[in-house]
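Numbering (the numbering used here), first residue to last: 337 to 567.
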């Protein structure tokens with residue numbers, strides 16, 4: 337089952353490279369209670385062998401996947417939308433707010449997760465000086481993570497991913513990096529960039545509905561290009 341493969345993937349996530357001074361790793365899967373929540377989630381939505389299309393974020397943050405272990409799912413959404421009670425601190429996360437509005441518009445978690453799988457270019461997150469750090473924020477970090485990123489992406493594709501299309505969350509540095517990497521490694525036939533949920537919620541909140549519609553149009557393969565939304 338896909339759920340078993342995903343959970344095994346999480347269980348063995350490890351960065352062996354020496355990271356730059358001051359950079360810490362976010363690995364929620366080491367926490368048994370968090371891993372137990374992941375088991376509930378993935379056995380609920382991925383307990384089959386049906387192929388999914390991949391949606392890749394940047395890397396987990398401290399308030400979403402860094403807490404629950406489930407990409408773009410904070411403790412509130414995990415309980416409210418996925419009906420998985422948890423004792424985690426109920427703090428909302430901006431990206432999760434957008435993603436679950438989009439998932440609701442798609443038809444709900446069962447329908448959405450039956451077709452898509454969230455991961456990230458780096459499936460483990462990073463912190464520095466108590467703040468989230470993206471893998472590309474430090475050139476030294478990006479370089480030393482390259483083997484880890486290639487290895488984990490390769491493993492992710494083996495769990496039952498449809499490689500004809502990958503959706504990249506982040507139209508800037510994340511998309512540029514993934515495009516370069518894909519040109520070398522040939523992971524996907526096509527990569528479709530979408531505005532990152534955090535960018536939308538911080539800078540385009542008044543246009544959330546338009547961005548949700550854009551996501552849905554792209555994911556339903558209604559067009560062959562990126563979704564352009566007039567600012």
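Glycine is no exception: its CB is placed at the ideal position from the N, C-alpha and C atoms.
Handout entry: Identity of the residues DSSP links to residue 454 by a beta bridge
Key = 391
Problem - Separation of residue 539 from residue 369, as counted between CA atoms - result: 34 Å
Problem - Own chain, CB closer than 7 Å to residue 428, minus 5 neighbours either side, in chain order - result: Excluding residues within five positions, the ones whose Cβ falls inside 7 Å are 410, 412.
Problem - Residues of its chain near residue 468, where Cβ-Cβ distance is below 6 Å and the 5 sequence neighbours each way are ignored - result: Cβ neighbours of residue 468 beyond the five flanking positions: 397, 398.
Practice task
Return the first residue and the last residue of the alpha helix (DSSP H) that residue 500 is part of.
Solution key: Here residue 500 belongs to no alpha helix (DSSP H); instead the beta strand (DSSP E) covers 497-505.
Problem - Residues near residue 476 by beta carbon distance below 6 Å, same chain, minus five either side - result: 356
Handout entry: 8 Å Cβ shell around residue 347 - same chain, five flanking residues per side excluded
Key = 365, 371
Problem - Assigned secondary structure, residue 427 (DSSP; H/G/I helix, E/B strand, else coil) - result: coil
Exercise for the section: Note the first and the last residue of the continuous alpha helix (DSSP H) segment covering residue 518. Expected result: 509-521
Problem - Pairwise C-alpha distance: residue 425 and residue 484 - result: Residue 484 and residue 425 have their alpha carbons spaced roughly 30 Å apart.
Exercise for the section: Report the rounded CA-to-CA distance for residue 564 versus residue 441, giving the unit in angstroms. Expected result: Because residue 564 sits at a pLDDT of 38, beneath the cut-off of 50, its placement in the model cannot be relied upon, and the point is left open.
Exercise for the section: From the DSSP output, in three-state form, read off residue 484 for me. Expected result: helix
Exercise for the section: Report yes if the CB atom of residue 420 is closer than 8 Å to the CB atom of residue 343, and no otherwise. Expected result: For residue 420 and residue 343, no; Cβs fall outside 8 Å.
Exercise for the section: Decide if residue 559 is buried, meaning its Cβ has at least 16 other Cβ atoms within 10 Å, or exposed. Expected result: Because residue 559 carries a pLDDT of 39, less than 50, the predicted location of this residue cannot be relied on, and no value is offered for it.
Practice task
Since I believe residue 358 is in contact with residue 464 (beta carbons under 8 Å), could you give me their beta-carbon distance rounded to a whole number of angstroms?
Solution key: 5 Å
Problem - Where residue 460 falls: helix, strand or coil (DSSP) - result: coil
Exercise for the section: Consult DSSP for residue 536 and reduce its assignment to one of helix, strand or coil. Expected result: helix
Practice task
Quick one: using the 10 Å Cβ neighbour count with 16 as the cut-off for buried, is residue 455 buried or exposed?
Solution key: buried
Problem - C-alpha distance - residue 379 paired with residue 498, whole-angstrom precision - result: 20 Å
Handout entry: Close-in-space but distant-in-sequence residues of the same chain around residue 360 (CB under 6 Å, 5 per side omitted)
Key = 463
Handout entry: Inter-residue Cα distance where the pair is residue 550 and residue 362
Key = 31 Å
Problem - For residue 336, the first and last residue of its enclosing beta strand (DSSP E) - result: As displayed, the chain neither begins before 337 nor continues past 567, which places residue 336 out of reach and without an answer.
Exercise for the section: Determine the DSSP secondary structure at residue 528, reduced to helix, strand or coil. Expected result: strand
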